[in-house]
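What follows is a set of notes on a single structure, which appears directly below.
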Amino acid sequence: IELLVVIAIIAILIALLLPAVQQAREAARRTECANHLKQIGLAFHNHHDQYGYFPTGGWNWNTPPSYTNGHPDAGADQRAGWGFQVLPFLEASVVWRAGAETAVGQTNPVFFCPSRRSPQTVTTADNYTPPVTGTTIRRALCDYAASNRDGTGVVRRFVPHRFRDVTDGTSNTLLIGEKRMNRALLGTEQDDDNEGYTAGWNSDTMRSTEKIPLPDFSGLGDGDDRFGSSHAGIFVAVLTDGSTRNISFSVDDEIFEHIGNISDGEVVSEY
């Protein structure tokens, strides 16, 4: 009987401690996610220091990383998106220079939120123009997206923005955040998670603040161009000044739209 009592007490203690342990683990994962975003924000700053402008949003979803005489193109000439353009500032210069097939398929842990998944790839048909392999190609995925796919954010299609263009203030303007995803389709060809981190001007790497952020879900459909996450109640973002912020899923829709716009004259600091 005494043994049963001891076992029962241990079981109760485990039941009481388990939620606290899980919460501590999630807090650690959320902190790691924020650190990843901070590294990406710093990479944007270092890119600006070297080139005089931010990475662009690339050309299109079906344009692979472009090279001239074996060296990656920059600025308006680079067909791939911001994820490819920041590689040399994430200690991945070797991948950046290695050619399109290697770059497209090489995962980088910085592009993944540990609350959602480990680094992951998906193999799809090579639908690039021009083709990279002509058959199938492995694509390294990404959990983060730039703001704003509507053309009002720091990351712009074709033509790069500069610090001076962010007239609403870098501390008031969203740069990169976690993207909402369908958990049931992770690792498959869901529409907004199949082109990979190098994708240009595509919902794989670009999201809109014209839609309120929502948590990840399981079911039909994709992330609907929204920001979101696997965290409870918030998604993590890095602002243009390089600071990270937890943004609530209950953020006011007008305020959220404003923080995705670099120069609409609506300076928002409380949200």
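Residue numbering for the sequence shown follows the numbering used here, beginning at 10 and increasing consecutively.
We treat Cβ as the ideally placed atom computed from N, Cα and C, and that holds for glycine.
Item to complete: Taking only runs that begin and end inside the stretch 217-253, name each unbroken beta strand (DSSP E) of 3 or more residues, in chain order.
Response: 243-248
Worksheet item: For Val-131, which three-state DSSP category applies?
Response: strand
Item to complete: Consult DSSP for Gly-205 and reduce its assignment to one of helix, strand or coil.
Response: In the three-state scheme derived from DSSP, where H, G and I count as helix and E and B as strand, Gly-205 is classed as coil.
Worksheet entry | Other residues of its chain near Gln-48: CB distance less than 7 Å, five sequence neighbours each side excluded | Leu-99 and Val-119
Worksheet entry | Pair within 7 Å by beta-carbon distance, Gly-66 and Gly-90 | yes
Practice prompt. Tell me, to the nearest whole angstrom, how far the beta carbon of Thr-182 is from that of Val-163; I am working on the premise that it is less than 8 Å.
Written response: 6 Å
Worksheet item: Going by the CB atoms, is the gap between Pro-123 and Glu-187 shorter than 7 Å?
Response: no
Fill in: Residue from Asp-174, Pro-97, Ala-24 and Leu-150 with nearest C-alpha to Ile-62
First, the residue type needs correcting, since residue 62 is Tyr and not Ile in the sequence shown. Of Asp-174, Pro-97, Ala-24 and Leu-150, the residue nearest in Cα terms is Asp-174.
Discussion item. For the beta strand (DSSP E) containing Ile-146, name the first residue and the last one.
Written reply: 145-149
Discussion item. What does the Cβ neighbour count give for Ile-256, buried or exposed, with the cut at 16 atoms within 10 Å?
Written reply: It is buried - the Cβ of Ile-256 has at least 16 other Cβ atoms within 10 Å.
Fill in: Segment limits, alpha helix (DSSP H) that includes Glu-263
262-268
Practice prompt. Go ahead and pull the three-state DSSP assignment for Tyr-137.
Written response: coil
Worksheet item: If you scan the stretch 20-61 from start to end, which runs of the beta strand (DSSP E) of 3 or more residues do you find wholly inside it?
Response: none
Worksheet entry | Euclidean distance between Cα positions of Phe-226 and Phe-258 | 13 Å
Item to complete: Could you tell me how far apart the beta carbons of Ala-149 and Thr-130 are, in whole angstroms, since I believe they sit closer than 8 Å?
Response: Confirmed, about 5 Å.
Fill in: Three-state secondary structure assigned by DSSP to Asn-181
In the structure shown, Asn-181 sits in a helix (DSSP, three-state: H, G or I).
Discussion item. Assuming contact is defined by CB atoms lying nearer than 7 Å, are Asp-177 and Ile-271 in contact in what I supplied?
Written reply: yes
Worksheet item: By the 10 Å Cβ neighbour count, where 16 or more other Cβ atoms means buried, how is Asn-117 classified, buried or exposed?
Response: buried
Item to complete: Decide yes or no for the touch test of the stretch 231-240 against the stretch 189-200: beta carbon pairs closer than 8 Å, at least 3 of them.
Response: yes
Worksheet item: Would DSSP call Ser-257 helix, strand or coil?
Response: strand
Worksheet item: Are the Cβ atoms of Thr-249 and Thr-144 separated by less than 7 Å?
Response: Not a contact, by the Cβ cut-off of 7 Å.
Worksheet item: Of all the options Pro-74, Gln-94 and Trp-68, which has the alpha carbon lying nearest to the alpha carbon of Gly-50?
Response: Gln-94
Worksheet entry | Range of the contiguous alpha helix (DSSP H) that encloses Ser-102 | Looking at the DSSP string, the run of the alpha helix (DSSP H) that includes Ser-102 is 102-106.
Worksheet item: What residue from Ser-102, Ala-241, Thr-161 and Gly-196 has the CA that sits closest to Asp-286's CA?
Response: Any property of residue 286 remains undetermined from this structure, which presents the chain solely from 10 to 280.
Discussion item. Assuming contact is defined by CB atoms lying nearer than 7 Å, are Phe-121 and Asp-152 in contact in what I supplied?
Written reply: yes
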